[in-house]
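Undergrad: Mind having a look at this structure? Questions to follow.
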Amino acid sequence: MSTIAAEPGVISLREITKAFPGVVANDRISLDIVGGQVHCLLGENGAGKSTLISILAGMQQPDSGTILVDGRSTPINSPKAAVDLGIGVVHQHSTLVPAFTVLENLMLGETGVLRNETRAKARLDELSELLGARIDPDALAGDLGLGQQQQVEIAKAMWKGSRLLILDEPTSMLTPQAIEKLAASVAQIKAQGLAVVFITHKLREAYQMGDCVTILRGGKNVGHIGADQLASFSEAQAQRAILAAMFGDDVATPEAADLAGATEAHREVDDIELGTKRVRLELSGVATRGHGHDVDIRDVSLAVHESEILGIAGIDGHGQAALAEVVAGQRSAAQGTIRFDGADITRRGVAGRQQLGLRYVTDDRLHEGTVGGMSVAMNLVLKRIGQRPFWKFGQINRKAVDAEAERLIADYAIKTPSSATRAGTLSGGNIQKVLLARELTDGARFVVVNKPTYGLDLKTVKLVRQILTEFAAEGGAVLLLSTDLDELVELSHRIAVISDGEIVGIVPNDGRGTAERVGQLMTGAIEGTPATEEAHA
Amino acid sequence: MSLLSASVLAAFLTAIIVQTMPLILAAIGETIGEQSGVLNLGIEGVMLVGAYSGYVAAISSGSPWIGMLGGIAGGVVANLLLLVLNVWLGLNQIVIGLAITIMGEGLTSVLYLQNYSKHPQSVPGSSWAIPGLSDLPVVGPSLFRQSGIFWVLLIAMVAIAFLLSRTNWGLSIRAAGQKPSSLDAAGGNVLRTRSSAVLLNGAFVGAGGAFLSILTTGTFTAFMTGGLGFVAIVITMLSRGKVTWIVITSLLYGIAVAIKNPLQLIGVSVPADVFQMLPFIVVMVTLILFARSSIVPPALGSPYTRGAR
């Protein structure tokens, strides 16, 4: 047990340990959460942040360690227990029921027989005022923009008079404008004396929003900067202290700072003169129709030049999947034409486009992208089944397959025990490398990538971005769909914004302020004001 | 005899009511289950268990009311299997459902053959003439001379419609079918919510079976549901959780069944087989026309385990 005596009004974690098969997610983590303060939890993917908050939220039980509330040891063994203690969580993945109205979502979990809508509306008004947001109680949650959904989630977390509000990576899907609104709401909540735990992997946000910072790495608490200390630090000092904790002292600081999102993102690809480059892929007036619950694209016209990375920004689920699949050939175009190097490929199937050098890296790398039960080698030649030299007279040529696999494993630094290992057992980052290796080999000239770095650790993120930049520099063309604005700004030459299946504008990525302009397009399109940016040809 | 004579119309109306009620009850039961995310494919078997246990309770007590209670109890007991294996242990709903259907069919057939087939007994009739109203032409002898059970079940249906749409319990049920993790995170209990839905599902489906044996036919025969449970599943999917829609679509089926007698009376000479096919043709046509707009709860059919994504 720790020697620090817990004070009242404080939620303290003491020596919390939680192990999953093969990994210790939380290794003796101790920290104090104080009312009226924003406590930032910082760490990269896999550092144990999510496990720690699911323990606080009662979704998971620690293997050992205690949680002290007001100095008393208090087990939190169910989400209900957490709610009763006044711990409200806004999860990274939405917990709103899209088919319910805002009010129904908020009232979920209430006790008593009859639904008391009058009381619920009054409570919502109270919270709206606190959050500084107007929310229509009768709107369907699924129809709200992401920023508004998040405000509803916060209201829901505070519904029963919260004492601790936990925000799990709340900014990852928001526009810069929505992030500002969120920061204002957090400041108001803090002023009410509530404790806020703010989880992020972006250092810049930790410094801007946090009163104190705890850094997790590999499941351990590797550094804490208290409120007094953080207030006395300049931004540069704080950065240095946090980076040292995050990566150890030996990491070259500018690079690490960049990886951790310490500074504002800026373009890292070389300039290209679009006028001198030939158009590799051209969509004109392309629309898709009817595919379950997905948003379809309407009248999309785009051109991607050789050596260009064209970014597509947009809030998740606004037609990105339809766009990626219609380019890849997995979905047929209901209208419009698709040209590749000037030739009409609208009617060509996946295999036909594949042979022309048009490739697709899906965002669903576990299910759509790879066959988990098959070997890494097989996954690497998955799209060349039946082709020589891997297949001869319908027979698989193991030697040729293994040789190709070994070559790709070495080229892309895929960490796998052997080429015969089942692909499903690899880490997310290595599975993504398998996908990239498969798609970018054998005469690739163009690639669509959808959320290529989502959920990956920082080192792989850097590697994936490097692979894409190099591919473009060597004359390939990339259509990069992403919800991470920083990523788009770093990699793209131009950024198009997709909203509700339509391209609402294209912003050339030159100099500062690109993210803000893209954000304006995203929100402008969502909140109904006409997009002001002109498409830049 | 004319098609429009009062007695023919009254008989037609009576037939519609008694043919539709078992289906409505079963579809309401199925709706409660499906809204909470539990697909009860064993509904055919549960209906037969309800029909048989209702029949046995009715003839041994001499009271159709006790018979109905027996049917409800039979349905609940049959659904305990689904409750334990699926809701608690998380086994596959389709396999369990089909097993319950086959088991219900086999069990009730064997028991009936063993115990009653040599000396079939009829359930005593039951009707309650509402003073005044029962003297009206056409609706008097049909609607207002139904058993009191009919009226109690009508009240139960209205109650279920109210519970589903206006109470916190109904909200939990729907959340369990839409996104169980949200219900869990909100401090609700997914297993308890789904358990209550499965038990109510059993009660209503059992009541539907018992209505069929006690009031519609007055007797039990092996395999007497003849696919009615599966029709109820179709109606449930088409009705999207709305009790009013269940009543309307079930009535379509009931009319298709009941139209046989008036048509034969006015001398339409079509083989009897055609009339027996008619209700199923109606169901199929309805499906073709409206199946695109049927929306099932997203979490339907998947057992809930906390923390699994």
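So the sequences go chain by chain: A and B. Numbering-wise, our numbering comes out as the position in the first sequence, counting from 1, plus 1372. Numbering-wise, our numbering comes out as the position in the second sequence, counting from 1, plus 17. Glycine included, each C-beta is placed from N, C-alpha and C at the ideal position. All values derive from a computational prediction rather than experimental measurement.
1) Tell me which same chain residues have a C-beta within less than 7 Å of the C-beta of VAL313 (chain B), skipping the five on either side of it?
2) CA-CA distance, THR118 (chain B) and VAL155 (chain B)?
3) Strictly below 7 Å CB to CB, what residues from chain A border LEU188 (chain B)?
4) Can GLY79 (chain B) and PRO141 (chain B) be called in contact, C-beta distance under 8 Å?
5) At a cut of 8 Å, does the region 1406 to 1418 of chain A reach the region 1823 to 1830 of chain A through at least three beta carbon pairs?
6) Could you please give the first and the last residue of the uninterrupted beta strand (DSSP E) stretch that includes VAL73 (chain B)?
7) Can ASP1642 (chain A) and GLY1657 (chain A) be called in contact, C-beta distance under 8 Å?
8) Could you give the first and the last residue of the continuous alpha helix (DSSP H) run that contains GLY1460 (chain A)?
9) Could you pull the DSSP bridge partners for GLY84 (chain B) from this structure?
10) With 8 Å as the threshold, decide whether the Cβ of LYS1493 (chain A) is near any Cβ in chain B.
11) Ordered along the chain, which non-local residues of its own chain (more than five positions away) have a Cβ less than 6 Å from that of ALA1397 (chain A)?
12) Do PRO1824 (chain A) and VAL1836 (chain A) have their CB atoms nearer than 8 Å?
13) Need the endpoints of the alpha helix (DSSP H) that PRO296 (chain B) sits in, please.
14) Quick one: is THR1375 (chain A) near chain B, going by C-beta distance under 8 Å?
15) Can ASN278 (chain B) and ALA28 (chain B) be called in contact, C-beta distance under 8 Å?
16) Across the region 31 to 42 of chain B and the region 186 to 203 of chain B, are there enough close Cβ pairs to call them in contact, namely three or more that are closer than 8 Å?
17) Give me whichever residues DSSP pairs with LYS1592 (chain A) in a beta bridge.
18) Evaluate ALA1785 (chain A) with the Cβ neighbour count: other Cβ atoms within 10 Å of its Cβ, from every protein chain shown; 16 or more gives buried, anything less gives exposed.
19) Pull up the DSSP beta-bridge partners for PHE1818 (chain A), would you.
20) From GLY1519 (chain A) to ILE1803 (chain A), what does the alpha carbon distance come to, in whole angstroms?
21) To the nearest whole angstrom, what separates the beta carbons of VAL1524 (chain A) and ILE1405 (chain A), a pair I think is in contact under 8 Å?
22) In chain order, what residues of the region 184 to 212 of chain B put their CB closer than 9 Å to some CB of chain A?
23) Could you pull the DSSP bridge partners for GLY1877 (chain A) from this structure?
24) Below 9 Å between beta carbons is the criterion; list the residues of the region 1431 to 1454 of chain A that meet it against any residue of chain B, in chain order.
25) Applying the criterion that 16 or more other CB atoms from any shown protein chain within 10 Å of the CB defines a buried residue, is ALA47 (chain B) buried or exposed?
26) Flag GLY1595 (chain A) as yes if its beta-carbon sits less than 8 Å from any beta-carbon of chain B, otherwise no.
27) For MET64 (chain B) versus THR242 (chain B), is the C-beta distance shorter than 8 Å?
28) Tell me which same chain residues have a C-beta within less than 7 Å of the C-beta of VAL248 (chain B), skipping the five on either side of it?
29) Which residue or residues does DSSP assign as beta-bridge partners of ASP1510 (chain A)?
30) With a CB to CB cut of under 8 Å and the five nearest residues on each side skipped, what residues in its chain are close to ALA1578 (chain A)?
31) Report the residue from A:ALA1567, A:THR1734, A:ASN1477 whose alpha carbon sits nearest the alpha carbon of LEU188 (chain B).
32) According to the neighbour-count rule (16 or more other Cβ atoms, all chains shown, within 10 Å of its Cβ), is VAL302 (chain B) buried or exposed?
33) By the criterion of Cβ-Cβ separation under 7 Å, what are the contact partners of ARG323 (chain B) in chain A?
34) May I have the straight-line CA-CA distance separating ARG1589 (chain A) from HIS1596 (chain A), to the nearest angstrom?
35) At a Cβ cut of 9 Å, what residues of the region 1380 to 1410 of chain A count as close to chain B, listed as they run along the chain?
36) Since GLU51 (chain B) is in the alpha helix (DSSP H), which residue starts that stretch and which ends it?
TA: Here's the rundown:
1) GLU51, MET254
2) 39 Å
3) Simply GLU1476, MET1479, LEU1480, ARG1487.
4) yes
5) yes
6) Segment 60 to 78 is the alpha helix (DSSP H) holding VAL73 (chain B); no beta strand (DSSP E) there.
7) no
8) Element bounds for GLY1460 (chain A): not the alpha helix (DSSP H) but the beta strand (DSSP E), 1459 to 1462.
9) GLY84 (chain B) is bridged by DSSP to nothing; it lacks a bridge partner.
10) no
11) LYS1390, GLY1420, THR1423, GLY1591
12) yes
13) 289 to 307
14) Caution is warranted here: a pLDDT of 37 is assigned to THR1375 (chain A), below 50, making its placement in the model unreliable, and no coordinate value can be reported.
15) yes
16) Because the criterion of three Cβ pairs below 8 Å is not met, the region 31 to 42 of chain B and the region 186 to 203 of chain B do not touch.
17) A:ARG1589
18) exposed
19) A:LEU1730, A:ALA1849
20) Rounded to the nearest whole angstrom, the CA to CA distance from GLY1519 (chain A) to ILE1803 (chain A) is 31 Å.
21) Between ILE1405 (chain A) and VAL1524 (chain A) the Cβ distance is about 24 Å, and since that is not below 8 Å, they are no contact.
22) Of all residues in the region 184 to 212 of chain B, only THR184, ASN185, TRP186, GLY187, LEU188, SER189, ARG191, ALA192, GLN195, LYS196, SER198, SER199, LEU200, ASP201, ALA202, ALA203, GLY204, GLY205, ASN206 place a beta-carbon less than 9 Å from a beta-carbon of chain A.
23) GLY1877 (chain A) is bridged by DSSP to A:VAL1869.
24) Taking 9 Å as the Cβ-Cβ cut-off against chain B, the residues of the region 1431 to 1454 of chain A that qualify are MET1431, GLN1432, SER1450, PRO1451, LYS1452, ALA1453, ALA1454.
25) Per the sequence presented here, residue 47 (chain B) reads as Glu, with Ala not at that position. Its Cβ being crowded by 16 or more others within 10 Å, GLU47 (chain B) is buried.
26) no
27) yes
28) LEU40, TYR270, VAL300
29) Looking at the DSSP output, ASP1510 (chain A) shares a beta bridge with no other residue.
30) Answer for ALA1578 (chain A): CYS1412, LEU1414, PHE1570, THR1572, VAL1585, ILE1614, listed in chain order.
31) Checking every option, the nearest Cα to that of LEU188 (chain B) belongs to A:ASN1477.
32) exposed
33) MET1431
34) 12 Å
35) Residues of the region 1380 to 1410 of chain A that bring their beta carbon within less than 9 Å of a beta carbon in chain B are absent altogether.
36) 23 to 52
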